[in-house]
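2 protein chains.
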Amino acid sequence: MKKIFILLTMLSLGAELTAQSRATWIWYPGDFEVWLSNRMQNRRTERGSFFPPFWRMDSHFVLVDFHKVFEVPAEEQVELHVEGQYNVKIDGKGISGYPRTITMPAGKHKLSLKVFCQDRVPAIFVKGKSVVSDSSWLVTYEDKEWIDASGKASDQSGTTWLSAGSWNFDSSSTPPSKFTLATTPQQAVKTEKTADGLLVDFGKETFGYVKLEGLKGQGRVSVYYGESKEEALATETCETLDHLDINLPAKKYTLTSLTKAFRFVNIKFDSGISLDKVSMLYEYLPVADRGDFRCSDAEINKIYDISKYTFHLNTREFFIDGIKRDRWIWSGDAYQSFLMNYYLLFDSPSVTRTLLALRGKDPVSSHMNTIMDYTFYWFLGISDYYLYTGDKKFIEQFYPRMQSLMEFCLARRNASGLMEGLPGDWVFIDWADGLSKQGAVSFEQLLLARSLETMATCAGIVNDKDGVTKYGKLAEDLKSRLFSVYWNEQKQALVHSLVDGKQTDNVTRYANMFGIFFDYFSEQQKQGVKKNVLLNDKIQKITTPYMRFYELEALCAMGEQKHVTSEMKDYWGGMLKLGATSFWEEYDPSKKGAEHYSMYGRPFGKSLCHAWGASPLYLLGKYYLGVKPLSPGYATYVVEPALGGLKWMDGKVPAPSGDIKVYCSTTEIRVQGIAGRGVLRIKSKTKPSGDRLDVKSLGSQIYEIGIAPHSTVKVKYSAL
Amino acid sequence: MKKIFILLTMLSLGAELTAQSRATWIWYPGDFEVWLSNRMQNRRTERGSFFPPFWRMDSHFVLVDFHKVFEVPAEEQVELHVEGQYNVKIDGKGISGYPRTITMPAGKHKLSLKVFCQDRVPAIFVKGKSVVSDSSWLVTYEDKEWIDASGKASDQSGTTWLSAGSWNFDSSSTPPSKFTLATTPQQAVKTEKTADGLLVDFGKETFGYVKLEGLKGQGRVSVYYGESKEEALATETCETLDHLDINLPAKKYTLTSLTKAFRFVNIKFDSGISLDKVSMLYEYLPVADRGDFRCSDAEINKIYDISKYTFHLNTREFFIDGIKRDRWIWSGDAYQSFLMNYYLLFDSPSVTRTLLALRGKDPVSSHMNTIMDYTFYWFLGISDYYLYTGDKKFIEQFYPRMQSLMEFCLARRNASGLMEGLPGDWVFIDWADGLSKQGAVSFEQLLLARSLETMATCAGIVNDKDGVTKYGKLAEDLKSRLFSVYWNEQKQALVHSLVDGKQTDNVTRYANMFGIFFDYFSEQQKQGVKKNVLLNDKIQKITTPYMRFYELEALCAMGEQKHVTSEMKDYWGGMLKLGATSFWEEYDPSKKGAEHYSMYGRPFGKSLCHAWGASPLYLLGKYYLGVKPLSPGYATYVVEPALGGLKWMDGKVPAPSGDIKVYCSTTEIRVQGIAGRGVLRIKSKTKPSGDRLDVKSLGSQIYEIGIAPHSTVKVKYSAL
């Protein structure tokens, strides 16, 4: 094990050295994310018409001050690259004009740049031998220091400096404004001639630019995109299309469309036009899979693979909801992507980009995406981000934005201190027929309680002692009121809502299943909820993969993996049986044929590639392989494998310091650990055995085996 | 009089008809102003180095929804021009693509456009026969309406709609982003050859683009700008310069600089270069003078003319502080420009543009320009704007921004409820040696009290009853505390400050003179202040025209015009005697020669053309001609002429419904009124006489004579 340890130490030392001398583009933290999200979220069209989001879009700060104090070993030449109009100062003294290189003298010196840029994010790239731009620079959008009539600076500065934002823009020639995703050419699997054009099948759901190759002639070309063949053929009702009026009489050209989601492309053109071939450029975020899962059940393996593909398609500039529709960042959808990410990619920049784009700027004038629950998921997303990655810096930088968002929420409580929808507040919960949003819904209080717990934790991280007390107390109060107000002893469940201060008769799954994995119930309440709600067919069923995510999570959290395996095979397996090549926004097994494609009153309104359809990634990693961090950044963690009826499974789960590998059959478990301290928790008929194992019995046939840093444990046991 | 009345009625009817059918570019209100101010305020350079403001610069909303419901008499074709990416809907139904013309069907229909634009302000220009874009359209940046899974819209909208912003962009081909000021060519009055170039004198302070005509050759051209000859010649210390590396070997070219302020231009060039001539393009805001003043004293007339020129030079995209430096919008400086404007231009768009640019967007994270007093002047500016123009619409649109700014202030009071500088708060008051900013300064409380009174008034306008009560009470409390806390009975004056809750021994002019024209003092206190402060040479003197403005106003308000005439001749006349062609940022008669040009520790740091130097415009209009609105928009007004030692004066003061003309000698007064109801108030030894006069004696030789709407009064009297 020594060898691995040394290697990792060297890697992390290496990373530090690189960070010190590697120049990268920097900006005001959060601003590139806001700018890029404006660009991305305003790319949607519906039947050729621009279809932007309805919520507020923010902007970057247009005037930003950057500085860092360097100890320069020997005079050096420093290149400057800037997005915007700028000035440069060394030790506060301005340099005339817009220099592209400067000379930094030896010794301790402060280098400052101030940049104005309206259309793009003010950004700099500074590259010398020791003087480079990176996230250790300090930035502000507001300098609260001034001079008196004699030119003397004020004695009290009120300026707030944050650490600069950065990502992977490590070349002077690719500033943030030139950001693009990667592309790769792909060919159709089938092209059919139609009466007036071509019908092209790319074999599976995909995303990118359609290329019309060898286009010649004069007239109109219409391109109808379909996630299903039916949609591509339904020229009057398909959701996306392009009309192109071309005039290419002389010679053949290749035309490339804007990005679209499709499997089928139906191209119709006037008689004067010819077209050789249709291909595409697949567009994607280049990020590698770190998690993996294989098991004895081929259908589950297929479900895992299609989940991965679905997730990749929706992991782009940001975690978006669906690639055809809405192509927007919805907080509730993104929250699930965050969780899946921790079990597949562990790509933190995608999480923070999305969190920052969602949060935008102050003032808070509406719930996130206008949805009350979506505001709370944002807090939950931060809670998880910190738990999985241990990134304190992010909390430190953005705690003020957490505070102002929470103040917005707290100011919207009703007279009894409960969240209730005011005009302009969308209480979403789920797409479900007849679901009541009236009054104070229990589900929203539960999410607020968890958000307040998150605030208390983060207040602790930034040493805001008043915040720790205030948010902690608010969380405790609200949690106790959940039970004094919503718990119905007779029904052994939380009721759906209070209307005019009175419990409604309605019990829904939402608050009850979240209560399970939030661990808000006593053991007795848990069993009541399981019997009376989760496994009770009389309670309104959930039809969206979005809420199935939480429903199955709650069942898993109660050890019902076997039941979940069969549900997964029914539900996701059901979509596969209908030929799905990615997972859908919604699936109702009772529907037939093209009925499956309709939603929102439109025949092809449904998205057939929705991020929230990929939840098996999360369930299989967290509740089958059973890997969960116990403290921030996997400093400690648990591995609690559960086969759920499978004969064996073999996989890995990414963590900051490496991948945790788990193999589990009914008789053998092997876990390869990481830098943190892990514990393998298993149920076994007999005491688990193996070389040099530290086995502790917890009673009830439950055993814990320590996993030392960077070690592997191999266990023989007898599955219950 | 009947004739004039009918004419005016027709004019105003005409204006309405025009407004209905005239298309103009529209945008989210306040956004063009923010965008333009970013552009303008980021044009300053200091010795060739970009010199942006240090405070926060905001941005426009990038995604804006526009709509209006029209009664269309007959189907019509409508042109659309849009800045940005957009969609168009008629009655909520999208039209494919980016149409440039649409057909509006006859009948009642809603036309909506939604526009995304990052670099410029989303703006539209819609022009049909009856369907046109104007400020009657409604706009929002945040649509709080959504759909359920069936596509049905929510029943409760939380969307806030404002009326669209507009100005004078009445042609489809000149969208807001193409805004420029007007220019006109001007010639130098003198050009001297120097050892290595030319020294050019434009005869007076000016602003614009320098044109290097007939430039040929290869090498460096350096242009040194000077508001004084000394500055232009001081190549090492002049404040602004340009270095141009040119390569024009073949033929003569004309090069045009960026805009600068100067009277002298010193051009030096390498020996390989030749230059025929230097001229300029004078840049200005085309806005006509409506006010006027002529009198028996030639020096006062000169002062008035140079004040006008100074004011015009600083009235540009916005009311700026100075044309050389800072070329920024400072609230305290702009406040004085607003007041001067009411007596010269009466150009409301310049006032509202400036108020909106200053206010920017929420959240408020700092005082305006970081200065506490400057925040308060903004409220005072709104108070005056409403009084002079009667524009309720502006208050209705921007009351929320007034509220959030006031909440920021109220949250920064100390434990005793007084304003005291926190880190980041610049307590400016004035440029004055040794002026203490410690503790709670009386001057700031006075400004806050007046700001609170403004809030109470505006709350009334927008029917915010709670606001009327809350702000009214806060204003009353603070006003009474001004006297319980700061008034010193022995000194018969307000003391300068409280430090640690105790009165300091210091008395300054600031709070005392503002107390006079705010009318906060009793008659006895007023006399005490006049004797012990205003006319007391032991109290630290004021050296900036900025504070001279208020000092002289206070004296005028107490009837000391004669004293003010002599002060004006000393102070402004003093600058004229030194050859000033525009009025300065600061003037100290004890300085000599080029000493006058230094400030902020730099030999040419002082601005020689500063808006606040033009205050005679205001004093002569308001306190000599004596014209003041008594109720919003001059519905009622007073004319209270005071010759201040002059033999006669003749002038006019603009009002919304026309100009009020005043002639006054020691024996005769003529006033031509406007639509409102005026009163002429005069002091006379004998009862004033004239045809059909309605004379009322107020005792103490004071008489009031009614001025009926659109009438002229001619009065014989005997000046006291």
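Protein chains in written order, with the UniProt record's numbering: chain A, 1 to 720; chain B, 1 to 720. We put the CB at the ideal spot given by N, CA and C, even for glycine. In this text, all values refer to a predicted model and were calculated from it rather than measured experimentally.
| Item | Value |
| --- | --- |
| Sheet register partners of Ala402(A) (DSSP bridge) | It should be noted that the sequence gives Met, not Ala, for residue 402(A). In DSSP, Met402(A) forms no bridge with anything. |
| Residue-chain proximity (Lys260(A), chain B), Cβ-Cβ < 9 Å | no |
| Ile395(A) classed as buried or exposed, judged by whether at least 16 other C-beta atoms fall within 10 angstroms | buried |
| Euclidean distance between Cα positions of Leu13(A) and Phe70(A) | Its pLDDT being 38, under 50, Leu13(A) is placed unreliably by the model, and nothing is read from it. |
| Min CB distance Leu358(A) to chain B below 9 Å | no |
| Candidates Leu535(B), Trp328(B), Gly439(B), of which the one nearest Arg44(B) by Cα | Trp328(B) |
| Beta-carbon proximity check, Tyr663(A) vs Gly644(A), cutoff 9 Å | no |
| Chain-ordered neighbours of Val499(A) on chain B, where CB pairs are closer than 7 Å | The premise fails here: Val499(A) is roughly 16 Å from chain B at the closest Cβ pair, so nothing lies under 7 Å. |
| Extent of the continuous beta strand (DSSP E) run through Pro249(A) | 240–256 |
| Candidates Ser222(B), Met513(B), Lys538(B): closest to Lys530(B) by CA position | Met513(B) |
| Presumed contact (8 Å Cβ cut-off) between Tyr637(A) and Leu630(A), rounded CB distance | 5 Å |
| Three CB pairs or more closer than 8 Å across the region 76–96 of chain A and the region 126–143 of chain A | yes |
| Residue span of the alpha helix (DSSP H) that contains Thr194(B), given as start and end | Not the alpha helix (DSSP H): Thr194(B) falls in the beta strand (DSSP E), residues 190–194. |
| C-beta contact flag for Ile306(A) and Gly217(A) at 9 Å | no |
| Residues of the region 60–77 of chain A with Cβ closer than 9 Å to any Cβ of chain B, in chain order | His60, Phe61, Val62, Leu63, Asp65 |
| Rounded straight-line distance, which links the Cα of Arg602(B) to that of Lys152(A) | 12 Å |
| Sub-9 Å separation of Ala456(A) and Phe517(A) beta-carbons | no |
| Cβ neighbour criterion (16 or more within 10 Å) applied to Asn463(B) | exposed |
| Backbone CA spacing between Lys324(B) and Val671(B) [nearest angstrom] | 40 Å |
| Beta strand (DSSP E) segment containing Arg481(A), residue limits | Counting along the chain, Arg481(A) falls outside any beta strand (DSSP E), though it belongs to the alpha helix (DSSP H) covering 465–481. |
| 8 Å Cβ cut-off: residues of chain A touching Thr237(B) | Here the premise fails: no neighbours, minimum Cβ distance about 13 Å. |
| Length at least 4, wholly inside the region 354–440 of chain B: the alpha helix (DSSP H) runs in chain order | 372–389, 392–410 |
| Met1(B) burial status per 10 Å Cβ neighbour count (16 or more: buried) | Residue placement at Met1(B) is poorly supported in this model, since its pLDDT is 36, which falls under 50; the coordinates still yield a value, given next. By the neighbour-count rule (16 or more Cβ atoms within 10 Å), Met1(B) is not buried but exposed. |
| Chain A residues whose Cβ lies nearer than 9 Å to that of Ser480(B) | Those within 9 Å of Ser480(B) in chain A number zero; the least Cβ separation is about 31 Å. |
| Within-9 Å CB hit, Ser154(B) to chain A | yes |
| Test: Ile147(A) CB closer than 9 Å to a CB of chain B | yes |
| Inter-stretch contact at 8 Å, needing at least 3 Cβ pairs: the region 648–660 of chain B / the region 687–706 of chain B | no |
| Phe169(B) (DSSP reduced to helix, strand or coil) | coil |
| Anticipated Cβ contact below 8 Å, Ala106(A) with Trp137(A), distance rounded | Between Trp137(A) and Ala106(A) the Cβ distance is about 20 Å, and since that is not below 8 Å, they are no contact. |
| Member of Arg481(B), Ile429(B), Leu478(B) whose CA lies at the smallest distance from the CA of Ile542(B) | Ile429(B) |
| Interface positions of the region 101–125 of chain B facing chain A (Cβ-Cβ less than 7 Å), listed along the chain | Lys114, Phe116, Gln118, Asp119 |
| Alpha-carbon to alpha-carbon, Thr183(A) and Arg290(A) | 21 Å |
| Buried/exposed call for Leu535(B), threshold 16 Cβ in 10 Å | exposed |
| Backbone CA spacing between Trp370(B) and Pro400(B) [nearest angstrom] | The amino acid occupying residue 370(B) in the given sequence is Thr; Trp does not appear at that position. Roughly 20 Å separates the two Cα atoms. |
| Interface partners of Asn266(B) on chain A, CB under 7 Å | Going along chain A, no residue has its Cβ under 7 Å from Asn266(B), so there is no contact; the nearest lies around 17 Å. |
| Closer than 9 Å to chain B by CB, Leu422(A) | yes |
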